[in-house]
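First the structure, in the form of structure tokens, and then the observations on it.
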Amino acid sequence: MSLLVVLFFFFLSPPLAAAAAYTEYSCNGTRGNFTEGSAFGLNLELLAAELPANASSSRSLFASAAVGAAAAPEDRVFGLALCRGDMRDAAACAGCVSGAFQRLRALCGRDRDATYYHDLCVVRYSGDDFLSRPDDNSPVINALDANASTYYGWDGRNATTRSFFLSLVGTLFGEMAMYGSYNSSARRYASAVMYVNPQLPTVYGLAQCTPDLSPAQCWHCFQGLQEQNRQWYDGRQGGRILGVRCNFRYESYQFYAGTPDVRIGLQDVAPSPTANNGTNHRKTLVIVLSVSITVFCFMLVGCLLLIKKLRKGDGRKSNRQLEAHSRNSSKTEEALKLWRIEESSTDFTLYDFSDLAAATDNFSEDHRLGRGGFGPVYRGELSDGAEIAVKRLAAQSGQGLKEFKNEIQLIAKLQHTNLVRLVGCCVQEEEKMLVYEYMPNRSLDFFIFDQEQGPLLDWKKRLHIIEGVAQGLLYLHKHSRVRIIHRDLKASNILLDKDLNPKISDFGMARIFGSNMTEANTNRVVGTYGYMAPEYASEGIFSVKSDVFSFGVLLLEIVSGKRNSGHQHYGEFVNLLGYVWQLWREERGCELIDPTLGECSGSEAAAIIRCVKVALLCVQDNATDRPTMTDVAAMLGSDGVPLPDPLPPPHYQLRVSGDDYDDGGRGSPAGGGFRPSRWRFTDSCSTNDVTITTIEEGR
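Here it is in structure tokens:
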């Protein structure tokens, strides 16, 4: 008997939803049948009596069991039950699970494997030990028959703009997957709401894993659903994908109970929970546009008065300075106007110069956190007690203005757990400042390259940082509203919050890619040498694979505690990549691991070595050989997936000649007397003189 999947529908009673709900069940006859009164049948009855009580009494509303462990293998029954994470009524959970068993007995007869999906619970039993396979999410069922003209059980209307709406759903799912996997309660559950603008519907979502999965296993399960989501629900305003281990649903109306765990978009706006909210959206649009235009007019008048005052008050300024100031002001106003009208965000604030001066004690050195290529960064505290970081761009800087506009137009549009949040800006005369959320633990390089701070990051914390950065990049490349190439990913641009959660920062060099673009070319190569992909550094060609290369370098630095950029050398190698490749070929990977991580043994060491292999895959010389960030996230999230063998990184044969360095007798792999004047090739390569063109670091 082949796999039978049957759909039928009924209505839920309040309080959860007034809209039509449905259930689905799978009767898998390929596992065989059992007879009434047999040992398997009796064990199934015991399971059906045990799981409703166990699941409803569990804090996670989940239970699994194996009945008949001492019996013959063919008589054992394995099962699990999971109630939805927003349920608060234990009796309702027990009733749903109990009812699921009853329905399966009626619908599937004596099949030894059956699954029941209900809006409020999931139940599966089988003679096969599926509990021992946490990556087994089968049977996975979509609430859509691709060949059907009618869509049952969910809103089948086309979205206003299909591709754009799909990217929003991808963003929503990515946030829920991250929260459900790593930040939620024991229920491994996340609900979310996303509001973008009045022209698009508010989107509500729910995602859940079985609580017995680890965070990495839960994340890996969600990634499988994400791929199916793109395939099945292109541009639809609602849909769901159901699996035994994890499930996902989104609609244009609120279908879950309680307040959402994740809010994306305008936090202070409470959009209508129904799909028929066009009137409210139009009102919001009129109000936002009116306010934006009024603010812009005031700014324009203020700038004109300011220019007039400056011309009268300081006759010594040359016409060239005044013209440059006018051009910068108009460009800045253009950027602000563009962002304010397009995004209409109440989360973005235009600060007065006096407010930021007061917050930073007049930009005192005591408040200074560091200095980048475009100006210093200060810690500040606003009058309401909120802590901020203020980047003060250098006056009359063409590069600074370009970065200023880039940050506003890019990062202000982005919402992700692993991206630093831009909360506002200040434009006053020649002052241009960007205001970010404050990260109390500074940046990643402060820890991994410091012998005293390094031990504070054990492997568990480092892996959490690695996975977070990977998710942030994956969002930029695949799930954000527009595809973004960062172009300057490095340790100093990874900020850490109070809980050491990583946040990718500094989008001044980032570039937007169109939906059909795979790579681009530039004559202005910017970024940090050592993190640049070879095709970008030499030819100006950049793509998502350029960021993947930078991520691979960063991953090696996190594992080893060693820098790849700068004037470091390791043994006779001029960079970390060549050194790592030699150790990898000679199966000496343990020598690479940061000594502060302890002994190289056990499962933790195996996980670290696996990360080294992932990093080497990311830094392969040919961009086409490198994985995408989707692949990288999957590699990091599943220890059981075998990895391909990496090809050599670029310039792995470059070595320092014996006369060109001296380690001062310390025997350290990173000597202090390196003079990068002459390099030599090995492995039957002729000696070459190599000239390095210094590329100005962008920070």
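According to mature numbering (1 follows the signal peptide of the UniProt record, and there is no 0), the sequence shown holds residues -19 to -1, 1 to 680 in order.
C-beta atoms are modelled at their ideal positions from N, C-alpha and C, and glycine is treated no differently.
Do you know how far the Cα of residue j is from the Cα of residue i?
i      : j      : result
Thr341 : His348 : 6 Å
Val103 : Val174 : 23 Å
Leu85  : Ala588 : 41 Å
Asn123 : Leu206 : 10 Å
Gln432 : Ile539 : 13 Å
Ala436 : Thr577 : A quick correction: the sequence has Pro, not Ala, at residue 436. Between Pro436 and Thr577, the C-alpha separation is close to 5 Å.
Asp116 : Arg57  : 21 Å
Ser527 : Val450 : 15 Å
Ala95  : Arg607 : 41 Å
His458 : Phe236 : 30 Å
Arg402 : Asp487 : 10 Å
Tyr98  : Ala167 : 21 Å
Val529 : Asp612 : 10 Å
Leu470 : Asp439 : 22 Å
Gly90  : Ala75  : 22 Å
Gly583 : Asp70  : 44 Å
Arg566 : Gly559 : 11 Å
Ile226 : Leu27  : Rather than Ile, the amino acid found at residue 226 in this sequence is Arg. The straight-line gap from Cα to Cα measures roughly 22 Å.
Trp200 : Cys64  : 19 Å
Arg569 : Lys594 : 12 Å
Val121 : Asn228 : 9 Å
Pro483 : Asp620 : 22 Å
What first and last residue would you give for the alpha helix (DSSP H) that runs through residue i?
i      : result
Gly559 : Leu557 to Arg566
Glu418 : Note, Glu418: premise wrong, no alpha helix (DSSP H); beta strand (DSSP E) at Glu412 to Glu418.
Asn228 : Element bounds for Asn228: not the alpha helix (DSSP H) but the beta strand (DSSP E), Cys227 to Glu232.
Lys442 : Trp440 to Leu455
Asp426 : Asp426 to Ile429
Thr611 : Met610 to Gly618
Asp528 : Val525 to Ser541
Ala71  : Ala71 to Cys89
Leu63  : Unbroken run through Leu63 is the beta strand (DSSP E), Val58 to Cys64; no alpha helix (DSSP H).
Ala338 : Phe334 to Ala340
Among the options, which one has its Cα closest to the Cα of residue i?
i      : options                           : result
Ser233 : Ala95, Arg591 and Tyr185          : Tyr185
Thr330 : Ala338, Phe344, His397 and Ile389 : Ile389
Pro631 : Ser531, Tyr163, Thr11 and Ala30   : Ser531
Arg221 : Thr183, Val150, Leu578 and Arg114 : Val150
Met490 : Ser519, Pro515, Phe523 and Lys484 : Phe523
Ala158 : Asn482, Phe203 and Val121         : Phe203
Arg360 : Arg352, Met414 and Ala370         : Ala370
Asp100 : Ala62, Asp94 and Leu457           : Ala62
Leu444 : Lys471, Glu346, Val121 and Arg591 : Arg591
Asn14  : Arg93, Thr509, Asn343 and Ala472  : Arg93
Thr398 : Val121, Ile245 and Phe385         : Ile245
Gly351 : Ser364, Leu363, Lys372 and Cys77  : Lys372
Val525 : Lys386, Arg492, Ala518 and Lys442 : Arg492
Thr16  : Glu55, Ser364 and Ile429          : Glu55
Report yes if the C-beta distance between residue i and residue j is below 7 Å; otherwise report no.
i           : j      : result
Leu374      : Gly356 : yes
Phe59       : Pro192 : no
Phe334      : Cys406 : no
Leu537      : Ala596 : yes
Gly66       : Gln189 : yes
Glu516      : Ala604 : yes
Trp562      : Pro625 : no
Asn474      : Gly511 : no
Gly155      : Ala171 : no
Pro627      : Leu598 : yes
residue 682 : Arg12  : The question about residue 682 has no answer here: the residues shown for the chain are numbered -19 through 680.
Gly533      : Asp575 : no
Leu391      : Met610 : no
Gly453      : Leu535 : no
Arg230      : Leu187 : yes
residue 704 : Thr183 : Residue numbering for the chain in the displayed model covers -19 to 680; residue 704 lies beyond these limits and cannot be assessed.
Kindly indicate the opening and closing residues of the beta strand (DSSP E) around residue i.
i      : result
Gln601 : Neither: Gln601 is in no beta strand (DSSP E) and is coded neither H nor E.
Gly220 : Gly220 to Leu223
Ile465 : Arg464 to Ile466
Tyr517 : From DSSP, Tyr517 is part of no beta strand (DSSP E) but of the alpha helix (DSSP H) over Pro515 to Glu520.
Leu32  : Per DSSP, Leu32 belongs to no beta strand (DSSP E); it is in the alpha helix (DSSP H), Ala20 to Ser38.
Asp94  : Asp94 to Tyr98
Beta-carbon of residue i versus every beta-carbon of chain B: anything under 7 Å?
i      : result
Thr605 : In summary, chain B is missing from the structure at hand, where a single protein chain is found.
If you pair each beta-carbon of the region 415 to 424 with each one of the region 461 to 478, do three or more pairs fall below 8 Å? yes
If we count Cβ pairs, one from each stretch, closer than 8 Å, do we get three or more for the region 422 to 430 versus the region 455 to 469? no
Taking contact to mean 3 or more Cβ pairs, one atom from each stretch, closer than 8 Å, check whether the region 10 to 28 and the region 41 to 49 are in contact. yes
Stretch-stretch touch, CB-based, cutoff 8 Å, three pairs: the region 34 to 43 with the region 4 to 11: no
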